[in-house]
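Numbering (this note's numbering), first residue to last: 5 to 700. What follows is a short report on a single structure.
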Amino acid sequence: MKTPFLFKPVVSKTSPFISPAQISELLKCAKNVNHAAQIHAQLITQEYIRLPLLFNSLLNIYSKCGHVLQSLSLFTASNSREGFDGAKNVFIYTSLITQLSHWNLHLKAISFFNEMRERGIFPNHFTFSAVLPACGDLALGKQMHSLIFKHGIETDVFVSSALADMYAKSGEMIGARKVFDEMPHRNLVSWNSMIVGSLRNGIFNEAIEFFTRMINEDAVVPDQVSFSSVLSACANVCGLAFGRQVHGRIFKHGLDKLLYVKNSLMDMYCKCGSFDDAEKLFVITEERDVVTWNIMMTEFVQNGNLEDACNCFWAMRRESVVPDAQSYSTVLHAAAGIGMLDQGTLIHNQIIKSGLGGNLYVSSSLITMYGKCGSLVDARRAFSENHEHNVISWTSMISACQQHGCANEVIELFEDMLRASVEPDYITFVSVLSACGHTGRVNDGFSYFNLMSQRFKIDPGLEHYACMVDMLGRADCLHDAKRFVETMPIEPDISVWGALLGACRKYGNLELGRKVAERLFQMEPDNPGNYVLLYNMYVRGGKLEEANEVRRLMGFRRVRKEPGCSWIDVKNTTHVFKARDRSHSMTNEIYKMLEKLEELVKQKGYVPKLQRSSNDLDEDEEKNLWYHSERLALAFGLLIVPVGAPIRIKKNLRTCDDCHVVMKYASAIYKRDIIIRDINRFHHFADGSCSCGEYW
Ligand code: ZN
Ligand code: ZN
5 MKTPFLFKPV VSKTSPFISP AQISELLKCA KNVNHAAQIH AQLITQEYIR
55 LPLLFNSLLN IYSKCGHVLQ SLSLFTASNS REGFDGAKNV FIYTSLITQL
105 SHWNLHLKAI SFFNEMRERG IFPNHFTFSA VLPACGDLAL GKQMHSLIFK
155 HGIETDVFVS SALADMYAKS GEMIGARKVF DEMPHRNLVS WNSMIVGSLR
205 NGIFNEAIEF FTRMINEDAV VPDQVSFSSV LSACANVCGL AFGRQVHGRI
255 FKHGLDKLLY VKNSLMDMYC KCGSFDDAEK LFVITEERDV VTWNIMMTEF
305 VQNGNLEDAC NCFWAMRRES VVPDAQSYST VLHAAAGIGM LDQGTLIHNQ
355 IIKSGLGGNL YVSSSLITMY GKCGSLVDAR RAFSENHEHN VISWTSMISA
405 CQQHGCANEV IELFEDMLRA SVEPDYITFV SVLSACGHTG RVNDGFSYFN
455 LMSQRFKIDP GLEHYACMVD MLGRADCLHD AKRFVETMPI EPDISVWGAL
505 LGACRKYGNL ELGRKVAERL FQMEPDNPGN YVLLYNMYVR GGKLEEANEV
555 RRLMGFRRVR KEPGCSWIDV KNTTHVFKAR DRSHSMTNEI YKMLEKLEEL
605 VKQKGYVPKL QRSSNDLDED EEKNLWYHSE RLALAFGLLI VPVGAPIRIK
655 KNLRTCDDCH VVMKYASAIY KRDIIIRDIN RFHHFADGSC SCGEYW
């Protein structure tokens with residue numbers, strides 16, 4: 005679209021000139037760069053360009069329209085022109101430095117400041133306040149400080165506020181405080197420098213203290229910056245009581261209508277755990293922006309209300325608010341948590357439309373979501389859509405493969421990542437070490453373990469040690485695993501002992517198993533999993549007496565096994581099954597389907613693995629095995645999920661050995677992909693085998 009002329013370029017013949025006053029008026033109306041260019045031309049033809057005031061206004065307009073470089077070249081051109089007064093004008097230099105500083109062209113601002121001094125023009129207090137924000141590093145800031153001192157203007161309230169701000173931004177709060185304490189006068193800007201500075205440096209209580217002092221000592225009226233910063237400080241120290249007082253003050257000053265302030269209030273209430281207050285504010289807020297919605301979504305996710313977080317996202321879309329990278333990342337996190345692939349796919353469509361697919365933060369969340377929702381194919385596709393990757397996107401892809409049991413791919417990806425010179429982090433190594441364990445790569449495991457601490461300077465954590473113990477246990481080196489635990493430089497936790505107990509179970513080492521289990525009983529007396537494991541070990545070893553002892557211990561300590569529960573999502577409805585569940589409206593069909601399945605798998609040679617049912621002490625009878633929750637979900641899935649589509653089941657516990665066998669048979673008999681997400685990992689059953697390679 006062509007911009008209409010601000011004024012007629014050819015002025016009427018009777019009055020060929022526009023007076024400087026008229027031009028000055030025109031400059032005030034100029035709205036865009038075309039207007040500026042028109043006025044610029046007029047200034048040149050009428051030789052007004054030498055007038056500092058008009059010249060300066062022109063510079064300002066260019067800069068305000070975002071054409072600061074145009075402003076710069078205009079200034080440079082004027083400098084080479086002889087007899088131009090403006091170049092020697094501190095006023096014009098200051099204005100230019102302010103603009104450069106504002107547009108984050110810090111080096112340019114500093115170089116103009118130096119040029120000005122070389123030309124013998126003395127900077128004034130405005131110049132210093134303008135150049136201080138451009139001092140990126142502390143050394144330069146300190147030089148500027150001594151220069152200010154030499155000019156004798158360090159007591160000027162604007163200069164000293166800018167100085168305090170400079171120190172705070174460089175993380176030098178002691179310097180900032182010193183400048184602040186020596187100020188003879190303080191205004192809102194000075195106080196805000198200290199409040200914002202303390203907040204930025206994570207000294208939240210000081211931010212609150214400065215805010216209180218500002219009101220009590222100086223009777224300065226806080227503005228939205230002061231309020232929003234102090235609220236953020238309250239949020240970080242859970243200062244709900246003080247936060248409420250601040251809310252009262254905001255109301256008194258009539259700033260509660262500003263969305264920016266409202267968002268800070270909501271954030272404070274959420275982070276201080278007063279979700280009701282946040283919700284009240286949310287409801288009465290008419291114009292909500294993306295920040296408002298992000299605060300609510302994050303809050304839902306943190307409270308585990310993942311479905312509400314998803315609903316929140318769609319409500320936001322209905323209000324035509326455009327989501328940003330944070331919104332997408334949060335809602336994808338929620339979708340991943342509930343494993344709702346349909347939701348995730350819909351959100352992915354929105355991301356494609358928004359053009360944010362190239363954002364690594366968003367695409368990493370997308371990879372994680374697909375991984376956790378059981379679609380490794382889509383996770384890989386999302387990963388390959390971006391050519392550039394950072395540590396987060398690499399790690400998301402590596403973790404997704406790990407969860408799906410694709411251990412070889414984990415190692416390949418990791419090697420690719422190293423070749424691409426991206427430094428792995430703590431989480432990357434957890435997946436890599438775990439993959440080494442699952443593929444029996446003991447030597448590689450140890451060399452990666454050393455690589456982590458020696459080359460990448462990451463101290464191994466409990467997760468890494470647990471992976472190593474698990475690896476040694478799987479590789480038949482139970483003795484080494486035990487020694488490894490004994491020589492750990494940090495105190496082993498339940499994950500490490502749990503890995504060792506798993507290894508004992510695998511090799512039927514009852515003696516060590518009992519010792520480890522007893523340790524675990526002490527550390528987490530209420531976790532039924534450890535008792536069940538030991539119980540099953542005794543049963544398998546034929547020691548029924550000891551097994552009953554464990555069962556009695558459980559009863560004595562009132563440890564209850566969490567009931568097994570499986571979910572299946574069909575057409576946006578979640579169907580939940582417990583073991584031996586008969587509450588579903590299609591119960592009759594489901595049990596008929598199970599009978600048929602039992603017949604078919606037995607024809608294929610299935611023998612129930614009675615003793616290896618680690619799920620439920622009471623489910624050790626063959627008939628009960630058949631009514632484990634995941635089998636009910638499977639039967640329902642076979643009845644209702646369209647032929648050809650994969651059946652996706654989620655389970656709250658580890659799936660049992662016997663169900664694992666049945667799923668393998670079922671995938672071959674019905675030619676279906678069955679994907680079970682249990683508490684630890686994914687099992688992708690297809691053509692009679694599982695992606696986990698029997699390791700889980
Ligand atoms: Zn089972
Ligand atoms: Zn499996």
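Here a beta-carbon is modelled for each residue, glycine too, at the ideal position from N, C-alpha and C. Quick caveat, the model's predicted, so the values are computed rather than measured.
- At least one heavy atom of ligand 2 is found less than 6 angstroms from the C-beta of HIS687.
- Using a Cβ distance threshold of 7 angstroms, VAL94 and ASN128 count as a contacting pair.
- Under DSSP, the beta-bridge partners assigned to VAL580 are TRP571.
- Taking one beta carbon from each stretch, the stretch 649-664 and the stretch 582-602 have fewer than 3 pairs nearer than 8 angstroms; the two do not touch.
- In the DSSP assignment, LYS654 falls within the unbroken beta strand (DSSP E) covering 651-655.
- Secondary structure remark: continuous alpha helix (DSSP H) runs of at least 4 residues inside the stretch 497-574, in chain order: 498-511, 514-527, 532-544 and 548-560.
- Here DSSP, grouped into helix, strand and coil, assigns SER331 to helix.
- Straight across, the Cα-Cα distance linking ALA583 with ASN628 is about 8 angstroms.
- A Cβ-Cβ separation of about 6 angstroms places PRO428 in contact with PHE460 under the 8 angstroms criterion.
- By the CB criterion at 7 angstroms, PHE132 and GLN407 fall outside the cutoff.
- Taking a contact to require three or more Cβ pairs closer than 8 angstroms, the stretch 329-346 and the stretch 368-381 qualify as touching.
- The set of residues with CB atoms less than 5 angstroms from any heavy atom of ligand 1 reads, in chain order, HIS632, CYS660 and CYS663.
- Your pair SER202 and PHE214 checks out as a contact, with CB atoms roughly 6 angstroms apart and the cut at 8 angstroms.
- Here the C-alpha atom of CYS663 lies approximately 31 angstroms from the C-alpha atom of ILE431.
- Taking 7 angstroms as the cut-off, the beta carbon of LEU244 is found no closer than this to the beta carbon of CYS274.
- With a minimum length of 4 residues, the unbroken runs of alpha helix (DSSP H) contained wholly in the stretch 302-330 fall at 310-322.
- Bridge partners of CYS69 according to DSSP: none are assigned.
- For PHE279, there is no enclosing beta strand (DSSP E); the enclosing alpha helix (DSSP H) covers residues 279-288.
- A heavy atom of ligand 2 is found nearer than 6 angstroms to the CB of CYS696.
- Ranked by Cα distance from TRP630, the options TYR610, PRO646 and LEU55 are led by TYR610.
- In this structure, ILE65 lies near ALA34, with their beta-carbon atoms less than 7 angstroms apart.
- The bridge partners DSSP lists for ALA690 are SER693.
- Within the model, the alpha-carbon separation for ASP484 versus GLU467 is close to 18 angstroms.
- For ARG292, there is no enclosing beta strand (DSSP E), since its DSSP letter is neither H nor E.
- Straight through space, the alpha carbons of PHE304 and PHE246 are spaced by roughly 24 angstroms.
- Only buried fits ASN196, as 16 or more other CB atoms lie within 10 angstroms of its CB.
- For SER194, same chain residues with a beta-carbon under 8 angstroms away, outside a window of 5 residues either side, are VAL161, SER164, SER165, ALA168, PHE184 and MET187 in chain order.
- Burial is judged here by how many other beta carbons sit within 10 angstroms of a residue's own beta carbon; ASN298 has at least 16 and is buried.
- Only residues of its own chain outside the window of five on either side were considered, and among them THR98, ILE101, THR102 and SER105 have a CB closer than 6 angstroms to the CB of ALA134, listed in chain order.
- Taking the CA atoms as reference points, ALA411 sits about 20 angstroms from THR659.
- PHE560 sits exposed, since fewer than 16 C-beta atoms from the chains shown fall within 10 Å of its C-beta.
- Beta-bridge partners assigned by DSSP to ILE678: ILE651 and PHE689.
- When secondary structure is reduced to three states using DSSP, ASP271 falls in the helix class.
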